[in-house]
Amino acid sequence: MAASSSSAAACFLSPSPPPRPRHHSIKHLACAAARSPSPGPGPGPSSSRSLALPSPSSTASASPWPWPRRLRDLLPDEAGRILSSATGSLIVALASAALILGDAGSASAFVVATPRKLQADELATVRLFQENTPSVVYITNLAVRQDAFTLDVLEVPQGSGSGFVWDKSGHIVTNFHVIRGASDLRVTLADQTVYEAQVVGFDQDKDVAVLRIKAPTDKLRPIPVGVSADLLVGQKVFAIGNPFGLDHTLTTGVISGLRREISSAATGRPIQDVIQTDAAINPGNSGGPLLDSSGNLIGVNTAIYSPSGASSGVGFSIPVDTVGGIVDQLIKFGKVTRPILGIKFAPDQSVEQLGLSGVLVLDAPPNGPAGKAGLQSTKRDSYGRLILGDIITSVNGTKVTNGSDLYRILDQCKVGDKVTVEVLRGDHKEKIPVILEPKPDES
Numbered sequence: 001m002a003a004s005s006s007s008a009a010a011c012f013l014s015p016s017p018p019p020r021p022r023h024h025s026i027k028h029l030a031c032a033a034a035r036s037p038s039p040g041p042g043p044g045p046s047s048s049r050s051l052a053l054p055s056p057s058s059t060a061s062a063s064p065w066p067w068p069r070r071l072r073d074l075l076p077d078e079a080g081r082i083l084s085s086a087t088g089s090l091i092v093a094l095a096s097a098a099l100i101l102g103d104a105g106s107a108s109a110f111v112v113a114t115p116r117k118l119q120a121d122e123l124a125t126v127r128l129f130q131e132n133t134p135s136v137v138y139i140t141n142l143a144v145r146q147d148a149f150t151l152d153v154l155e156v157p158q159g160s161g162s163g164f165v166w167d168k169s170g171h172i173v174t175n176f177h178v179i180r181g182a183s184d185l186r187v188t189l190a191d192q193t194v195y196e197a198q199v200v201g202f203d204q205d206k207d208v209a210v211l212r213i214k215a216p217t218d219k220l221r222p223i224p225v226g227v228s229a230d231l232l233v234g235q236k237v238f239a240i241g242n243p244f245g246l247d248h249t250l251t252t253g254v255i256s257g258l259r260r261e262i263s264s265a266a267t268g269r270p271i272q273d274v275i276q277t278d279a280a281i282n283p284g285n286s287g288g289p290l291l292d293s294s295g296n297l298i299g300v301n302t303a304i305y306s307p308s309g310a311s312s313g314v315g316f317s318i319p320v321d322t323v324g325g326i327v328d329q330l331i332k333f334g335k336v337t338r339p340i341l342g343i344k345f346a347p348d349q350s351v352e353q354l355g356l357s358g359v360l361v362l363d364a365p366p367n368g369p370a371g372k373a374g375l376q377s378t379k380r381d382s383y384g385r386l387i388l389g390d391i392i393t394s395v396n397g398t399k400v401t402n403g404s405d406l407y408r409i410l411d412q413c414k415v416g417d418k419v420t421v422e423v424l425r426g427d428h429k430e431k432i433p434v435i436l437e438p439k440p441d442e443s
């Protein structure tokens with residue numbers, strides 16, 4: 001009995017089991033099992049204890065895997081028949097599974113691919129991305145550089161960003177800081193076709209620019225434009241863009257805040273009513289669309305608040321209600337006509353250090369609106385002492401405490417409007433009427 005058990009162990013620990021067929025091994029096992037003769041009513045005692053391996057000629061007709069037969073031979077009669085029958089049933093079951101799988105390879109014979117089931121919100125997100133990603137473009141900013149050694153003039157990429165198709169005429173909307181300083185611009189559509197782009201116009205104060213490409217209308221899919229006036233904190237938003245050059249990347253989040261204020265990267269002029277979101281916005285997302293859950297445009301991704309320069313969960317988008325009016329003017333006139341007072345004023349910190357509140361006029365050119373109206377500039381007397389200019393404290397009755405307040409009031413006015421500017425001059429206040437004019441380069 002000890003010899004039998006040691007021999008059985010030797011069979012199960014064989015270092016080299018029979019070679020596996022390259023394809024459909026379970027099918028071959030089933031076929032071989034079907035061809036092999038069924039066990040008789042029971043072998044004799046001598047045959048049940050036999051440990052001889054099958055000869056090469058017998059293995060051609062027998063099962064390619066002789067373990068069931070060895071189990072039957074090594075164990076007593078009744079137990080051998082039961083175990084052999086169970087092992088054979090297992091092979092037949094596995095073979096049936098292989099037949100159901102069809103022509104699948106041996107490596108994937110045991111893998112049953114279940115149909116992918118998505119939740120309703122997942123399906124909505126997938127559908128939103130598929131429907132809107134053809135409207136998002138990749139913008140490359142090219143600049144002319146001269147090789148220091150060969151003196152050859154080269155055109156090299158100096159930045160990239162995102163944008164979206166505004167209409168079938170080929171107008172593309174993006175941020176001004178995406179195209180700033182470019183000698184040439186290239187726009188890549190969703191199907192990877194590349195077009196040269198021309199600048200239609202830009203608004204540095206609001207960081208908006210409009211480009212135009214000459215592409216077939218069937219390649220242009222304008223993005224659906226929504227409304228930003230009725231947005232609520234907490235509603236879902238989706239950002240599509242090209243962060244770090246990874247084209248057509250989707251990030252999701254919610255509206256974290258409304259009516260935020262940021263400064264234009266070009267002029268420092270404040271941009272009001274900005275949307276704050278925690279959807280990941282990274283370098284390269286600038287100019288891309290911010291969408292609501294219906295796939296409508298509600299903002300243009302513009303800036304992030306981050307010490308490291310990467311997404312920190314605080315991103316900002318210019319609301320579509322602001323962008324829409326700017327884009328219409330840029331397409332129609334190539335510029336945005338915005339009123340100015342025509343002054344240069346001191347930084348807010350300087351005024352605070354003087355213990356004052358308002359906007360300190362540093363310079364009011366005589367040919368500007370404020371100069372014509374009589375506002376006084378800061379200057380020095382004959383002894384070199386500093387004489388402060390007028391300090392604007394209110395416009396049309398609205399209090400002004402810093403430069404952002406002044407810009408916010410002017411954004412609500414139009415060219416040609418007459419406003420009443422209240423100033424602190426010396427130790428008394430005066431009210432001065434001023435007629436607003438456009439910027440000199442916009443007249």
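Residue numbers for the sequence shown follow full-length UniProt numbering, so the first one is 1 and each next one is one higher. All C-beta atoms in this analysis are idealised placements derived from N, C-alpha and C, irrespective of residue type, glycine included. Please read all numbers here as calculations on a predicted model, not as lab measurements.
Asked	Found
Should Phe333 be labelled buried (16 or more other beta-carbon atoms within 10 Å of its own) or exposed?	exposed
Cβ atoms of Ala120 and Asn175: under 8 angstroms apart, would you say?	no
Within the chosen definition, does the stretch 338-346 reach the stretch 208-228 through at least 3 CB pairs nearer than 8 angstroms?	no
In this structure, how does DSSP classify Gly371 when only helix, strand and coil are distinguished?	helix
In the DSSP assignment, find the unbroken beta strand (DSSP E) run with Leu290 in it and report its ends.	289-291
Among Pro433, Thr322, Glu196, which has the Cα closest to the Cα of Leu142?	Glu196
Give the DSSP-derived three-state secondary structure of Lys439 in the structure shown.	coil
Please report the straight-line C-alpha distance between Ile298 and Lys219, rounded to a whole angstrom.	23 angstroms
With H, G and I counted as helix, E and B as strand and the rest as coil, what does DSSP make of His171?	strand
Determine the contact status of Leu356 and Ala346, defining contact as a CB-CB distance below 8 angstroms.	no
Got a sec? Which residues, its chain only, sit under 8 angstroms from Lys418 by beta carbon, not counting five neighbours each side?	Pro433, Val434, Ile435, Leu436
Sort Gly295, Asn296, Ser317, Ser294 by Cα distance to Tyr305 and report the nearest one.	Ser317
Does the stretch 280-289 come close enough to the stretch 241-256 that 3 or more CB-CB pairs lie under 8 angstroms?	yes
For the 8 angstroms Cβ check, are there 3 or more pairs between the stretch 387-399 and the stretch 250-263?	no
When DSSP labels each residue in this structure, what does Val351 get in the three-state scheme?	helix
Can you list, in chain order, the residues of its chain with a C-beta nearer than 8 angstroms to that of Leu290? Leave out the 5 residues immediately preceding and following it.	Val237, Phe238, Ala239, Ile275, Thr277, Ala279, Leu297, Ile298, Gly299, Val300, Asn301, Ser317
For Pro438, I'd like the list of residues in its chain whose CB is within less than 6 angstroms of its CB, leaving aside the five on either flank, ordered along the chain.	Thr337, Val415
Quick check on His428: buried or exposed, where buried means 16 or more other Cβ atoms within 10 Å of its Cβ?	exposed
Ends of the beta strand (DSSP E) at Gly282?	Looking at the sequence itself, residue 282 is Asn, so the reference to Gly does not match. Looking at the DSSP string, Asn282 is not in any beta strand (DSSP E), and its letter there is neither H nor E.
By DSSP's criteria, Leu424 is part of a beta bridge. Which residues make up the other side?	Ile391, Lys429
Start and end of the alpha helix (DSSP H) containing Asn396?	Premise fails: Asn396 is in no alpha helix (DSSP H) and is neither H nor E.
Quick one, are the C-beta atoms of Glu422 and Thr393 less than 8 angstroms apart?	yes
Rounded to the nearest angstrom, what separates Gly161 and Asp328 at their Cα positions?	22 angstroms
What whole-angstrom Cβ distance do Asp363 and Ile387 have, given they're in contact under 8 angstroms?	With 8 angstroms as the limit, Asp363 and Ile387 do not qualify as a contact, their Cβ atoms being about 13 angstroms apart.
Residues in the same chain with beta-carbon distance under 7 angstroms from Asp167, minus the five sequence neighbours each way, listed in chain order, please.	Pro222
With a threshold of 16 other CB atoms inside 10 Å of the CB of Leu189, please say whether the residue is buried or exposed.	buried
Alpha carbon to alpha carbon, how far is Arg127 from Pro440? Give it in angstroms, no decimals.	48 angstroms
Applying the 10 Å Cβ sphere with the 16-neighbour rule, what's the burial state of Pro366?	exposed
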